[in-house]
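Residue numbers (the working numbering), protein chains in the order written: chain A, 218 to 844; chain B, 134 to 372.
Please read the structure below before turning to the comments.
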Amino acid sequence: MSLFTLGIARGLLGQVLGMVIGMLLTCAVRILLGWEAWAAEPAWTVGAVCSIIGFLLGVGSLDDWLKWTKGIPTPLHHGPPVDKPAWTRYFSVDYNHKVIGVQYTVWGILLLMVGGTVAMIFRTELARSGLQFLGLDLYNSFIGMHGMIMIFAILLGVGGMANYLVPLMIGADDMAFPRLNALGFWFNVPGSILLLLSLFIGGWDAGWTAYPPLSARGPIGYQLFFLGVFAIGLSSIVGSLNLFVTLLRMRPEGMSLFRMPIFCWAVFATSLIQLTATQLIGTSFLMVSVQRALGMGFFDPRGILGEVSPMVGGGDPVLFQHLFWFYSHPAVYIFVLPGLGIVSELLPVFSRKPLFGYKWIALSSMAIAIVGFLVWGHHMFVSGYNDILRIPFMYATLLVAIPTGVKFFSWLGTIWGGKVHFDTPMLFVLGAISVFLIGGLTGPILATVPTDFPLHDSYFVVGHFHATMFGGFVFPFFAALYYWFPKVTGRMYNETLGKIHFFIMTPAFWVQTLGQMGVGVMGMRRRIADYDPTLGAGQIENWQMAVTIAGFAIAFGVMLMLWNFFQSAEVGVAAGDNPWRSRSPEWQIPSPVPEHSFPAPLHVVGEPYDYGLADAGYVTTASTGDD
Amino acid sequence: MAKNRRHFGIATVLIVICTFVVYWVLDSVLLKPAAAVLEAGPIDYLFDLHIWLIAFLFALVAVFMCYALIVFRARGDEGDGEHIHGNGTLEIIWTVVPCFVVIYFAWISTTMLIDLSRPNPDEYVVNAEGRQWSWLFTYPESGAVTADLVLPVDTPIRMDLTSDDVLHNFWVPEFRVKQDSVPGMVTHVRFTPTVIGEYVLRCAELCGTNHSGMLATVRVVSAEDFQLWQSEQLAQAQE
Chain A
218 MSLFTLGIAR
228 GLLGQVLGMV
238 IGMLLTCAVR
248 ILLGWEAWAA
258 EPAWTVGAVC
268 SIIGFLLGVG
278 SLDDWLKWTK
288 GIPTPLHHGP
298 PVDKPAWTRY
308 FSVDYNHKVI
318 GVQYTVWGIL
328 LLMVGGTVAM
338 IFRTELARSG
348 LQFLGLDLYN
358 SFIGMHGMIM
368 IFAILLGVGG
378 MANYLVPLMI
388 GADDMAFPRL
398 NALGFWFNVP
408 GSILLLLSLF
418 IGGWDAGWTA
428 YPPLSARGPI
438 GYQLFFLGVF
448 AIGLSSIVGS
458 LNLFVTLLRM
468 RPEGMSLFRM
478 PIFCWAVFAT
488 SLIQLTATQL
498 IGTSFLMVSV
508 QRALGMGFFD
518 PRGILGEVSP
528 MVGGGDPVLF
538 QHLFWFYSHP
548 AVYIFVLPGL
558 GIVSELLPVF
568 SRKPLFGYKW
578 IALSSMAIAI
588 VGFLVWGHHM
598 FVSGYNDILR
608 IPFMYATLLV
618 AIPTGVKFFS
628 WLGTIWGGKV
638 HFDTPMLFVL
648 GAISVFLIGG
658 LTGPILATVP
668 TDFPLHDSYF
678 VVGHFHATMF
688 GGFVFPFFAA
698 LYYWFPKVTG
708 RMYNETLGKI
718 HFFIMTPAFW
728 VQTLGQMGVG
738 VMGMRRRIAD
748 YDPTLGAGQI
758 ENWQMAVTIA
768 GFAIAFGVML
778 MLWNFFQSAE
788 VGVAAGDNPW
798 RSRSPEWQIP
808 SPVPEHSFPA
818 PLHVVGEPYD
828 YGLADAGYVT
838 TASTGDD
Chain B
134 MAKNRRHFGI
144 ATVLIVICTF
154 VVYWVLDSVL
164 LKPAAAVLEA
174 GPIDYLFDLH
184 IWLIAFLFAL
194 VAVFMCYALI
204 VFRARGDEGD
214 GEHIHGNGTL
224 EIIWTVVPCF
234 VVIYFAWIST
244 TMLIDLSRPN
254 PDEYVVNAEG
264 RQWSWLFTYP
274 ESGAVTADLV
284 LPVDTPIRMD
294 LTSDDVLHNF
304 WVPEFRVKQD
314 SVPGMVTHVR
324 FTPTVIGEYV
334 LRCAELCGTN
344 HSGMLATVRV
354 VSAEDFQLWQ
364 SEQLAQAQE
């Protein structure tokens, strides 16, 4: 079997060829214009655009559509590829949502490891004051890189859970648009490769937020970073469109919206944001890209004579922040809503009790998604925008606390009076609640402008958003991995290792996040390569050391989990169809799930979370009679 | 239900205790820099109010969660819990009560913010221009130009900020307030230094390679010393 039977190998070759072709094209145009043939920035920029197309052509995710243009029929192929080992389908274009879900998840975990490694490098640097082994520029590139890689990883993790679970939870055979689903995944691969490549051609030093004017004058790495984000953004848009249509059109008979498993509501709310806000980060980065490449100064304060003064009519750097945060704040809810959905999904199963206030939890996700669109300005309290804007954005931001509170209280209501089992997935759900509580409670102090002044752009913010990201995504994601591992592989993970992972990672994370907040209150700014050792009455270095050690403990826990999964996929005991005694449709079918998930169409005959009610079914594949 | 009432009674006592413990812990580990401006008074007051709120809400959720996990743990039986789908009254209570709490916080913050932003007719103006990676201060009254900031104590100050290149941010942790300096724009930040001493101005907006080292010394001096310093600057400028 040649290497190039794997789609991903062809795709990577296509990406390299695309890059070369793009660069040659740029040189050719420049020669025709009578300019010097080589100019690094335009060559890399055009090369990067062509490299994305090259990858997609190489991997084959555009094949069917190209055939349609010629009128060639393309019947959907089900099952592993013919004449090739079955595992190869995970490395090639495959239209089955379960394969795509696994592809998303695995690629997401890989990026999580890369992003985590980058974090551990600069976290080690920060353990002591003074610069030990990182240069200033590399440090600045690393913090942005850590942020953006993690965002990619989270989006992929969200995509993995949504693609694998949504069709199974609503009893659909697949997603509404299988080809688009595959394209949505494959955009991520060239996108993340461009992002990683940017580090090797100079990096980019303005953090993941890439505020101009700094991002408009830094190294060429910015262009690859912008285009990488653009590719991931396209993935988000087509992916969320697909989920939207699937959720609205492919539910079985009897499954009204309020009878969907609650995770579907979370995905619905998330898709609403992704489908409508992602364009804004694309636009803002594209505008900076064009400003760099073509000198179109959207955000350039200099006027035509090159002067910077309040009197000269230049571009507005603050405008970028409006465009950027219009996506990037709701993006936070893209990251956490699915995770909170996982918490709501798993709590009833392990508490053996119906989800408390189903409709309230479902609608609180929608409320967060909608209010989330109105709060972007809290990132700009000290940006220099009109002072008056601080007030409405403060009110809107504080409002987010209300639907979030509804979730917390409803979760408590779910546990109360149940019969709680402490398997590893449940432990991670409880860990998620504890960590998201820390993240949530430290929100209002940042939302009220007077207290935001001392905390804005300080390490306190770093602690706050790591708590929301870990509580809203990482812990629930790990809970989901442990919970559905037996469904995906048919085997059980090692419970002892799972518990060890939990009991290392959770306290370590508390130390990390509280430590980060603590040094922020002392007066440490975020995104600095070196800090003043006299802060906090000289205590700051001890805190930093504690945060670094906690970070390594978390990394160790994650390694333990991955080793557990690798090991258990081979030697774990057979898990059975429904080890958790769940009522959800995906647990009523064999593990691992067969190619065609459900033998017959589902009928919904009851409520999804009727634990504690004897003989109350949720779904049945049996024919209901007269059809 | 009587059993539930007993549970709630115990939980309430634990929440009260836990609130005070969490507040005490947070108050002793969160080491705020010393306050050196008038504005730190209301800001630190609001900060403290938030810490009480955090302590109470943390206690509320954490106590109920831990209590439920202990009391309602499965004791080796495979049965299910009570079949309760929810409680509309409870949901309305925990939607409406937080509404009032956040509106109260937003309201006091708004009035405080308006006070903090209010121009003072006697304010002393200093221009500050951020550049990679230093500050340039000009004093319109005297025409002095310096790299370090010198301010008179007990005088309302208005800093007019701008930038020569990229975004920077004016932040002295002891002064609490913070404001970006933006090229092509003049932004303001107001404060009244109350404590004579030396502080460090730290750029708080990522501004490239040496962002972490973009510091300037801020000296708050007595009114007489300030006059003296100002005339020295003028004499130097005339030489």
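Ideal Cβ positions, reconstructed from N, Cα and C, are used throughout, including at glycine.
Keep in mind the model is a prediction, meaning the values are calculated, not measured.
Which of the three DSSP states, helix, strand or coil, is assigned to residue i?
| i | result |
| --- | --- |
| Glu172 (chain B) | coil |
| Leu848 (chain A) | The question about residue 848 (chain A) has no answer, for chain A in this structure spans 218 to 844. |
| Met347 (chain B) | coil |
| Gly435 (chain A) | coil |
| Pro326 (chain B) | strand |
| Thr342 (chain B) | coil |
| Met513 (chain A) | coil |
| His638 (chain A) | coil |
| Glu342 (chain A) | helix |
| Met741 (chain A) | coil |
| Phe848 (chain A) | One cannot answer for residue 848 (chain A) here, as it falls past the ends of chain A, which runs 218 to 844. |
| His321 (chain B) | strand |
| Phe598 (chain A) | coil |
| Trp403 (chain A) | helix |
| Asp843 (chain A) | Confidence at Asp843 (chain A) is low in this model, with a pLDDT of 43, below 50, so its placement is unreliable and the value that follows should be read with caution. Three-state result, Asp843 (chain A): coil. |
| Ile806 (chain A) | coil |
Thinking just about the alpha-carbon of each residue, which of the options is nearest to the one in residue i?
| i | options | result |
| --- | --- | --- |
| Phe324 (chain B) | B:Val146, B:His344, B:Ala173 and B:Leu334 | B:Ala173 |
| Ala374 (chain A) | A:Lys636, A:Tyr602, A:Ser453 and A:Thr286 | For the sequence presented, residue 374 (chain A) should be read as Gly rather than Ala. If we check each option's Cα against that of Gly374 (chain A), A:Ser453 comes out closest. |
| Phe552 (chain A) | A:His294, A:Ile585 and A:Gly224 | A:Ile585 |
| Asp533 (chain A) | B:Ala349, B:Tyr272, B:Asp293 and B:Gly317 | B:Gly317 |
| Val566 (chain A) | A:Glu803, A:Leu540, A:Arg798 and A:Glu470 | A:Arg798 |
| Leu830 (chain A) | B:Ser242, B:Glu215, B:Lys165 and B:Asp255 | B:Glu215 |
| Val728 (chain A) | A:Gly450, A:Asn711 and A:Ala763 | A:Ala763 |
| Asn253 (chain B) | B:Val235, B:Cys340 and B:Thr288 | B:Thr288 |
| Leu458 (chain A) | A:Leu400, A:Leu511 and A:Phe443 | A:Leu400 |
| Phe417 (chain A) | A:Ala433, A:Met330 and A:Phe442 | A:Phe442 |
| Leu557 (chain A) | A:Gly251, A:Tyr312 and A:Pro620 | A:Pro620 |
| Glu338 (chain B) | B:Leu361, B:Ser242, B:Gln265 and B:Pro285 | B:Gln265 |
What are the boundary residues of the alpha helix (DSSP H) that includes residue i?
| i | result |
| --- | --- |
| Pro693 (chain A) | Phe692 to Thr706 |
| Ala303 (chain A) | First-last for Ala303 (chain A): undefined, no H or E at that position. |
CA-CA distance, residue i and residue j?
| i | j | result |
| --- | --- | --- |
| Met367 (chain A) | Phe359 (chain A) | 12 Å |
| Gly657 (chain A) | Gln363 (chain B) | 49 Å |
| Phe515 (chain A) | Val505 (chain A) | 7 Å |
| Asp843 (chain A) | Val691 (chain A) | With a pLDDT of 43 at Asp843 (chain A), under the threshold of 50, the modelled position of that residue is not reliable, and no figure is offered here. |
| Ile745 (chain A) | Pro796 (chain A) | 48 Å |
| Ile108 (chain B) | Ile766 (chain A) | Residue 108 (chain B) lies beyond the residue range present for chain B, which begins at 134 and ends at 372; the question has no answer from this structure. |
| Gly211 (chain A) | Gly680 (chain A) | The displayed coordinates of chain A run from 218 to 844. Any statement about residue 211 (chain A) would go beyond what the structure contains. |
| Leu230 (chain A) | Phe272 (chain A) | 7 Å |
| Asp827 (chain A) | Gly634 (chain A) | 14 Å |
| Phe369 (chain A) | Phe625 (chain A) | 27 Å |
| Phe402 (chain A) | Gly376 (chain A) | 8 Å |
| Phe189 (chain B) | Gly435 (chain A) | 46 Å |
| Met513 (chain A) | Val328 (chain B) | 48 Å |
| Met583 (chain A) | Ala618 (chain A) | 14 Å |
| Thr152 (chain B) | Glu365 (chain B) | 55 Å |
| Leu497 (chain A) | Met472 (chain A) | 34 Å |
Here's the rule I'm using: 16 or more other beta-carbon atoms within 10 Å means buried, otherwise exposed. How should residue i be labelled?
| i | result |
| --- | --- |
| Gly793 (chain A) | exposed |
| Arg139 (chain B) | exposed |
| Gln371 (chain B) | exposed |
| Phe350 (chain A) | exposed |
| Val406 (chain A) | buried |
| Trp255 (chain A) | exposed |
| Ser355 (chain B) | exposed |
| Asp160 (chain B) | exposed |
| Tyr237 (chain B) | exposed |
What residue range does the beta strand (DSSP E) around residue i cover?
| i | result |
| --- | --- |
| Gly263 (chain B) | Tyr257 to Arg264 |
| Pro285 (chain B) | Leu282 to Pro285 |
| Ser358 (chain A) | Per DSSP, Ser358 (chain A) belongs to no beta strand (DSSP E); it is in the alpha helix (DSSP H), Leu353 to Met386. |
| His301 (chain B) | His301 to Trp304 |
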